[in-house]
Each structure stands twice: as structure tokens, then as C-alpha cells.
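Participant:
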Amino acid sequence: MSRRPVWNMKGAEGSAEYRTSESDEGYVNHGLNGSRGSLDMENSNGIRELPREIRGSSDFILVEERNVLQKKKSPDGAFKTSVSWARRRARSVCTKKMLYKRLPVLKWLPNYNTHDALGDLVAGITVGLTVIPQSLAYSNIAGLAPQYGLYGSFLGCFIYIIFGSCKDIPFGPTAIVSLLTYQTVAHLDSPYQYAILLTFLSGVIELLMGIFGLGFLIDFVSGPVSSGFTSAVALIIVSSQVKDLLGISATGSTFVQMWKSISKNLTDTSAWDATLGASCIALLLILRMVASIKIGPEDEELRTTKHRVINKIIWLIGTSRNALLVVICGILGYSFTETPPFQLTGYIPGGMPTAQLPPFSFTKDGNTTVSFFEMCSNLGSGILVVPLISLMENIAICKAFANGKTVDATQELIAIGVSNIGNSFVQAFPSTGSLSRSAVNNASGVRTPMGGLYTGLLVILALLFLTPYFNYIPKASLAAIIIAAVIFMVEVKVVRPMWRAKKSDLIPGIATFLACLVLRVEIGILCGIGINVLFILYHAARPKISVEELTSHRGVEYLMLTPDRCLIFPSVDYVRNLVTKYSSRVRSVETPVVIDCTHIYGADYTAAKVIESLTKDFAARGQPLFFYNLKPSVHAVFEGVAPTDFVVYYTQSALDDLLKQNDPPKLPKEFTAA
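My numbering numbers the first residue of the sequence shown as 1224 and each following residue consecutively.
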């Protein structure tokens, strides 16, 4: 038999009794003396105490609140809950479902067929023709020798096949991560050693973030911040390649430093390099447009087999533009056997990299050993920023090609983490998924992550047999490949819709853009995230409150105040001031005030103390204050400070009774007039 509490409400003018049913409950604090009256709860056994379970209205139910109530039932509930959670967690890890979730290859490999293999083969080779010249070029962005880009383009592809959840991602070097690597290690002694260690540490951090479910951290990087960061990085990368495009020498790690150095050496421009670079950029942009040309009727179904074959050839030529350019320019460089008129890539050691542990220490100047902790200290914020940006790039690609499916950020963290750890053993710098290569992969008809196998094998073949010929590739052509690729990363189109949607969103975007150009890139992205957090805190500290003057069913006027979000320490004083301000504007100091807590889903200790003080203030001036539809989880927080003037109700009928008992006696008209 369920317990049916009885409420005895004793007002200023007499007493009335209100009985609650199981679906019509209210709450009052122990020994409550209200603002104008008191409410005592008496259980059916005659003992005055609160019921053990406090329930909210049937209009809103929090799933987690059952656990909150169960904790209150048992004195050692917290310990039992922790043990229970640990057991459930351990059982969930050791299940077949979790194994399939963490090793996605087990899902698609048993159903792998000939059609999948053919699609992956074509896509893998097509991406391989793109990744080889890009890897050579991205090594230049990172400030490393060309072979290090190739080292990072095969083993990571193999590992991602096992752990990756997105079929379209070919793992390897990217422009953004290469620039971050350059700004992290370029100023250090032995940057190669630091770059390889950065790869290992980035992988470890990404793996740990995946294990502990910290993928949500990228949620703090908003769209405006991401756009500002990407646009600034694109301009910095273009600036870093101008020196090779013009055949001059220039230094600097920031946008401003680079252009200062370029302007000083502009008179040393090589006409051959500048002409070749400009011609290569023009050719790449033309071939980019050629790739989108379609022959035949607009409707795909009306095109003949001849049309489809021609369109595929045109698309393949446009897509393989980087490889075609490298071959053409390599032949051009080889034709000048003695004194080439433009700068060449130079010697690239052939063969596979030596598999070895990452450098956890190294010796400089012949007798000074730099320890692991010193190396980590020298890497600075890059240890955290590189993994974060790598994840951001990877998740953006997954979302772009998700086709309505959910993206598992945790699994992607594990995949790129293990891939980077593996890459660190073959002397590669940090890598992640590439959006441009993913687009090529998707358009080539990739079916599964197995396409990465053929891409990796093609890179290995290049390392074994083609490296002697890479010596003759002009630097201007590699610079042109980078510039033609990243110039489209400048997100100018987002400014207008952002202005129309919410103008204040431009502030973190522009601030990130400028900070990345003036300061180091990692500092710029941290500035943008910091501004985002400030916006979030300000939004949390300034909730909106709706104010309504209402009349109850029994004709009693009252003031209804409705906050629109949680009560936490940044906002509670602001809410208190608003409640005090509006309650003082009513016609009579005895007009009841009701705070609608429907949207208050959480609270903290500071909020509880302020609410306790607020109820005391209302009681001191004799103005009734009631709380409507307070969630049990929030009530538990408020009850922790044991408030004494705290009245909660959950139904309109309960409010009518409360207002009637607190309604002051009506004076005769003639007395009022006098």
C-alpha cells in the first residue's frame, strides 16, 4: 500500500486541510514556517517527516534522477553505486559488442567481396598518386626533408584499416598538422628528433583521450573558431611557400615574420622559378576545373557507356593533376643535367625507413644529452595542440562523409592515436586524415578502409624505386601544389551567413584569425577557444527571466518568474537580483511570488546558499515565495543547506491552496476609500 501524505496548511486567517494523492504531491522543508504561513507534512503513521522519495511533476522526468533518489535511500549508496558502475564498466569492456566496436575491421572484413576489392584497388591507387607528391610537399611545410612525408604515408594507412571507422579517410600528412609541426620544432636543435617524438606523444595523448572518452573536447572549438583558424593557417602555408615559388631564401614561423623576411629578399627573385611556379599554379587550377566537366546529357541515366568512360578519363586526369605535374616538372628538371636554372628538391635517400624506437633522448654538441623531460618541455603546448587539431580535422572528414550515420569520436581518437604511435617507429612526423585526399577517395568509389592498403603499398614502391628521380623535382612545382590546394581553405563564404545568423559569432572567429596570423598558430587557436569559453560563461551567468502577472483560479493575484536555465554560481546572484527587483515592483508587498523551476535542470552549492538567503529575505518582509516544479536532483542540492523558508509545489491546485492561505484579508470598499 502506497503512502499518502497529509498536508495541514495553517494560514493567517484559519486552517485548511489539503490531501495529496500519489500523482499530486508537494514538498515542504522540515519544520517550515513560511512567509505568511506554515506547512507541516504528516505521514499516515503520525510521524512528522518528509517522505523518502520526492518526485517531480509528470510533465518532466530526468532519467538520471532515479539514481539520485536511490543514493538518498541508503547511507552507503555512493560507495555501492561506484562499485556497481565499475562492475558494469568492466563487463561492458569485455563483450563481443565492444570488441566489434573497437575493431571495426571485424564488421566489414567477413563480408568483403570482389566488388569491394575492385573499388578499393582503384580508389587506393588514385589516392596514392595524390599522396606521394603531397607528402613531398608537406614535408617542406614541416621544415623537414622530403622523405619524412613519405615515411608517414604507409604504415599509418595499414593501421587505420584495423581501427578506423571511416572508409573514406586515407591517413597521412596534412597541411595544417605539418604547419603545427614546423612551428613546434623548427626553432629547436635537431628538429627531426623532436618531430618524431612529437608524433609518438601525439599518438599517446590521442589514444588516452580515446580510452577515457575525451573526444568531447573538440566541442569547445566552435564553427567560427574553426573557420578563423583554418583560414589563417591557409594564408600562413601559402606565405611559407612563396620563398620556393620565387626561388629566394626566407625565414620566420608566423605570418608577419615570413612576409618581413620575404620583403627583404624580394630582389633576389629567380625569374625561372617564378615563371615555373606561376605556370604550375595555373595548370593545377585549370585541371581542377577540368575534373568537374561532364560530357553528355545532364541526367546520369541518359548517358551512354561512351559518355561515362570519357567522363571517367577526364575526372582521372583532373584528379591526378599533382602526380602529372610532378612527372612533367621532374622530366623538365632532369633535362638540365649540369646547371638547372631553378632550385631542385635535391638528394632523397632511397629505401624503407629503419624501424626503431622514437628518440626519447639525444646527444647534441657531441657531449650534451637532452633528456626526455627536457624534450617534452621544449615541445611546449604543441604536445596538446597537435593532437587536438588532428582530431578536429579527422572528425570534420568523418562528418562530411558520414551519410547520416553517427560519428564515433572515441574510436577515431583510438585509430589516429595508434596510427601515429606506429608512425613514430618509422621516423614520421604527425599525421591525420586529409580532407582533399578523402574527397578523392570517396569520388573514386572506395568501398572499405582497405583502400588504404593499396595507397600504402604504392608509397612503399615509391620509396623503393622512385626516390632517385625525386631529386629532379623543382621546388617551385611542389610549392605550387601546396598553394593550389590550400588556397581554397580560406573560408570567406562563411562570413555573410554568420553575420546574418548571429553577429557576435564573428568575434571569436576574427579574433582567432588575427591571433593565428600575428602569434603562433597554437596560441591563436587557444585564444579562440578561450574567447568561446568566455562567451559560454557569460551566457551561463546571464540567464533570461520571463515575468508574468497572473491570477489564480480563486482570484488571487501573484507574480510568476521563470528562469530559462540552470542555477549555478556564475548566474545565481544575477537571478537573485532580478527576482528581488521585480518582486519589489508589485502593487503590494504581500503579493505572492512564484518561481517556475521547470527549466532549472541543475544547481550547485552556491545557488543553494543564495536561494536560502532569498527565502529569508522574503520571509523577513512578509512576502510569500513559492517554487514550482523543482526537479528532485535540484531539490536534493537545495535541501543540502537545510533552508527554513522553502516551499515547493507541483500542481496548480496546490498553488491555489497556498495562495488562498497567504492571501491577505480584503478590506471593505468604504474603508479602502477612506
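All residues carry an ideal CB built from backbone N, CA and C; glycine is no exception.
Quick caveat, the model's predicted, so the values are computed rather than measured.
What number of angstroms, rounded off, separates the C-alpha of T1318 from the C-alpha of I1434?
Facilitator: Taking the sequence shown and counting its residues from 1, the one referred to as residue 1318 is at position 95. Taking the sequence shown and counting its residues from 1, the one referred to as residue 1434 is at position 211. For T1318 and I1434, the distance between alpha carbons rounds to 16 Å.
Participant: Tell me the DSSP secondary structure of G1656 in three-state form.
Facilitator: Counted from its first residue, the sequence shown places residue 1656 at position 433. Reduced to three states, the DSSP call for G1656 is strand.
Participant: Looking only at C-alpha atoms, which of V1870, I1554, W1495, I1428 sits nearest to I1644?
Facilitator: Translated into the one-based positions of the sequence shown, residue 1644 becomes position 421. The residue with the shortest Cα to Cα distance from I1644 is I1428.
Participant: Quick one: what's got a C-beta closer than 8 Å to F1443's C-beta in the same chain, skipping five residues either side?
Facilitator: As a first step, residue 1443 must be located in the sequence shown, where it is residue number 220. Correct list, in chain order: I1752, N1755, V1756.
Participant: In whole angstroms, what is the alpha-carbon distance linking V1341 and A1685?
Facilitator: Here residue 1341 corresponds to residue number 118 of the sequence shown, with the count starting at 1. Here residue 1685 corresponds to residue number 462 of the sequence shown, with the count starting at 1. Val is not the amino acid found at residue 1341; the sequence shown has Leu there. Approximately 22 Å between the Cα atoms of the pair.
Participant: For the alpha helix (DSSP H) containing D1840, name the first residue and the last one.
Facilitator: Along the sequence shown, one-based indexing puts residue 1840 at 617. Start and end: 1828-1843.
Participant: Could you check the C-alpha separation between Y1824 and E1780 for me, to the nearest Å?
Facilitator: For this step, residue 1824 is matched to residue 601 along the sequence shown. For this step, residue 1780 is matched to residue 557 along the sequence shown. Computed Cα separation, rounded: 27 Å.
Participant: Can you tell me the Cβ-Cβ gap for R1670 and D1339, rounded? I've got them flagged as a contact below 8 Å.
Facilitator: As a working mapping, residue 1670 is identified with position 447 in the sequence shown. As a working mapping, residue 1339 is identified with position 116 in the sequence shown. Sure, about 4 Å apart at Cβ, within 8 Å.
Participant: Does the segment 1827-1845 come close enough to the segment 1798-1817 that 3 or more CB-CB pairs lie under 8 Å?
Facilitator: As far as the Cβ criterion goes, the segment 1798-1817 touches the segment 1827-1845, which means the pair count is three or higher.
Participant: Please report the straight-line C-alpha distance between A1632 and V1641, rounded to a whole angstrom.
Facilitator: Position 409 of the sequence shown, counting from 1, holds the residue named residue 1632. Position 418 of the sequence shown, counting from 1, holds the residue named residue 1641. Computed Cα separation, rounded: 14 Å.
Participant: Would you mind listing the beta strand (DSSP E) stretches within the segment 1604-1666 that are 3+ residues and don't spill past its ends, in chain order?
Facilitator: Within the segment 1604-1666, no complete beta strand (DSSP E) run reaches 3 residues.
Participant: Of the choices I1419, W1331, Q1370, Y1872, whose alpha-carbon is the least far from that of P1582?
Facilitator: For the purposes of this step, residue 1582 is identified with residue 359 of the sequence shown, where counting begins at 1. The shortest Cα separation from P1582 among I1419, W1331, Q1370, Y1872 belongs to I1419.
Participant: Measure the C-alpha to C-alpha separation of L1878 and E1813 and round it to an integer number of angstroms.
Facilitator: Residue 1878 sits at position 655 when you count from the first residue of the sequence shown. Residue 1813 sits at position 590 when you count from the first residue of the sequence shown. So the two alpha carbons sit approximately 16 Å from each other.
Participant: How about T1492 and L1469: are their beta carbons less than 8 Å apart?
Facilitator: Reading the sequence shown from its first residue, position 269 is the one you call residue 1492. Reading the sequence shown from its first residue, position 246 is the one you call residue 1469. Yes, the pair counts as a contact, with Cβ atoms nearer than the cut-off.
Participant: Nearest to G1908 by alpha carbon, out of I1733, I1399, V1465?
Facilitator: In the structure displayed, the chain extends from 1224 to 1897; residue 1908 sits before or after that span and is not available.
Participant: Which same chain residues end up closer than 7 Å to S1717 when comparing Cβ atoms and leaving out the 5 residues on each side of it in sequence?
Facilitator: Residue numbering aside, residue 1717 sits at position 494 when the sequence shown is read from its first letter. A small correction: the amino acid at residue 1717 is Val; Ser does not occupy that position in the sequence shown. Around V1717: S1450.
Participant: So if DSSP puts L1567 in a beta bridge, which residue, or which two residues, is it bridged to?
Facilitator: In the sequence shown, residue 1567 corresponds to position 344, counting from 1. P1697, per the DSSP bridge assignment.
Participant: Would A1826 and C1789 qualify as a contact pair, given that the criterion is a beta-carbon distance under 8 Å?
Facilitator: Within the sequence shown, numbered from 1, the residue matching residue 1826 stands at position 603. Within the sequence shown, numbered from 1, the residue matching residue 1789 stands at position 566. Yes, the pair counts as a contact, with Cβ atoms nearer than the cut-off.
Participant: At which residues does the alpha helix (DSSP H) containing D1920 begin and terminate?
Facilitator: Residue 1920 cannot be examined here, being either before or after the span of the chain that is shown, 1224 to 1897.
Participant: Distance check for L1367 and Q1902, CA to CA, integer angstroms please.
Facilitator: Outside the modelled stretch of the chain, which goes from 1224 to 1897, sits residue 1902, for which no answer is possible.
Participant: Would you be able to state if there are at least three C-beta pairs under 8 Å between the segment 1674-1693 and the segment 1364-1384?
Facilitator: Touching, yes.
Participant: Nearer than 7 Å: is that true of the beta carbon of V1479 relative to any heavy atom of the ligand FMN?
Facilitator: The ligand FMN is not part of the structure shown, which contains no ligands of any sort.
Participant: When the Cα of G1387 is compared with those of I1460, Q1875, L1729, Q1634, which residue comes out closest?
Facilitator: Against the sequence shown, residue 1387 aligns to sequence position 164. When each option's Cα is compared against that of G1387, the closest is Q1634.
Participant: Run the CB neighbour count on L1359, radius 10 Å, all protein chains shown included, and call it buried at 16 or more, exposed below.
Facilitator: Taking the first residue of the sequence shown as 1, we reach residue 1359 at position 136. With 16 or more Cβ atoms within 10 Å of its Cβ, L1359 is classed as buried.
Participant: Have a look at C1739 and I1612 and give me their C-alpha separation to the nearest angstrom.
Facilitator: Working through the sequence shown from its first residue, we reach residue 1739 at position 516. Working through the sequence shown from its first residue, we reach residue 1612 at position 389. Spanning the two alpha carbons is a distance of roughly 14 Å.
Participant: Got a sec, what are the start and stop residues for the beta strand (DSSP E) L1773 sits in?
Facilitator: Counting from one through the sequence shown, the residue named residue 1773 turns up at place 550. Note, L1773: beta strand (DSSP E), 1768-1774.
Participant: State the DSSP-derived secondary structure class of L1882, mapped to helix, strand or coil.
Facilitator: As a position in the sequence shown, residue 1882 is number 659, starting the count at 1. The answer is helix: DSSP assigns L1882 an H, G or I state.
Participant: Output needed for V1448: all residues of its chain with C-beta closer than 8 Å, excluding positions within five of it in sequence on either side, in chain order.
Facilitator: In the sequence shown, the residue the question calls residue 1448 occupies position 225. So the qualifying residues of the chain are P1731, G1732, T1735, I1748, G1751, I1752, I1754, N1755.
Participant: Please report the distance separating the alpha-carbon of A1173 from that of L1411.
Facilitator: The structure shown does not extend to residue 1173, since the chain is modelled only from 1224 to 1897, so the question has no answer here.
Participant: So what does DSSP say about L1285, is it helix, strand or coil?
Facilitator: Within the sequence shown, residue 1285 is the residue found at index 62, counting from 1. Bear in mind that a pLDDT of 45 at L1285, under 50, signals an unreliable position, so the number given afterwards is only what the model happens to contain. Coil, per DSSP.
Participant: Quick one: residues in its chain with C-beta nearer than 6 Å to the C-beta of L1853, no 5 flanking neighbours on either side, listed in chain order?
Facilitator: Counted from its first residue, the sequence shown places residue 1853 at position 630. Excluding sequence neighbours, L1853 sits near C1820, V1871.
Participant: Which whole-angstrom value describes the C-beta separation of Y1797 and I1818, a residue pair presumed to lie in contact below a C-beta threshold of 8 Å?
Facilitator: Reading the sequence shown from its first residue, position 574 is the one you call residue 1797. Reading the sequence shown from its first residue, position 595 is the one you call residue 1818. So it is not a contact: roughly 14 Å between Cβ atoms.
Participant: Is the segment 1534-1552 close to the segment 1510-1520, with three or more CB pairs under 8 Å?
Facilitator: In short, these stretches touch, since the Cβ pair count reaches three.
Participant: Can you round the beta-carbon distance between V1354 and T1678 to whole angstroms, since I take them to be within the 8 Å contact cut?
Facilitator: Here residue 1354 refers to the residue found at position 131 when the sequence shown is read from its first residue. Here residue 1678 refers to the residue found at position 455 when the sequence shown is read from its first residue. That belief holds up - the Cβ atoms of V1354 and T1678 are roughly 6 Å apart, short of 8 Å.
Participant: Tell me the DSSP secondary structure of V1779 in three-state form.
Facilitator: Mapped onto the sequence shown, residue 1779 falls at position 556. Coil at V1779, not helix or strand.
Participant: Counting C-beta neighbours from all protein chains within 10 Å, is the total for E1524 16 or more, i.e. buried, or is it exposed?
Facilitator: By one-based count along the sequence shown, residue 1524 stands at place 301. Counting Cβ neighbours within 10 Å, E1524 comes out exposed, since fewer than 16 surround it.
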